[in-house]
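At position 18 of the sequence shown the residue is numbered 18 (the UniProt record's numbering), and the sequence of numbers has no breaks.
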Amino acid sequence: MSTPQFWSTPLRYIRWAAHEKPAILAALCIGFMGPVSLVTIPPIRHALGDVDPEPVPMTYPIPQGPRVIPKGYDDE
Numbered sequence: 001m002s003t004p005q006f007w008s009t010p011l012r013y014i015r016w017a018a019h020e021k022p023a024i025l026a027a028l029c030i031g032f033m034g035p036v037s038l039v040t041i042p043p044i045r046h047a048l049g050d051v052d053p054e055p056v057p058m059t060y061p062i063p064q065g066p067r068v069i070p071k072g073y074d075d076e
C-alpha cells in the first residue's frame with residue numbers, strides 16, 4: 001500500500017500547492033497560525049507591559065443614601 005504524496009514528501013507538496021493552489025495554501029497557513037498564536041501572544045503582551053483589564057462587574061452598584069429625584073422634568 002502506498003502512502004499519500006503529502007506524507008511522503010511534505011515540502012515538495014507545499015511547494016507544488018504554492019504554485020498550483022495558492023488560496024488553499026494561504027488559508028491553511030492562516031489556520032495553523034491560530035493555535036500557535038494562543039500560546040505565543042499572551043506572554044509577548046505581558047513582556048511588553050500590557051496588563052489584563054479588571055473584570056466587568058456583574059451587578060449594578062447601589063448608591064448610598066436617599067434617591068435624588070431630578071427637578072424640572074415634570075409634565076405640567
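Ideal Cβ positions, reconstructed from N, Cα and C, are used throughout, including at glycine. Since this is a predicted model, take the numbers as computed values, not measurements.
In this structure Leu25 is in contact with Ala17, their Cβ atoms being roughly 5 Å apart against a cut-off of 8 Å. DSSP, read as helix, strand or coil, puts Arg67 in coil. It is roughly 24 Å from the alpha-carbon of Leu38 to the alpha-carbon of Ile14. Within the segment 25-53, no run of beta strand (DSSP E) reaches 3 residues while sitting entirely inside it. A straight line joining the alpha-carbon of Phe32 with that of Ile41 spans about 14 Å.
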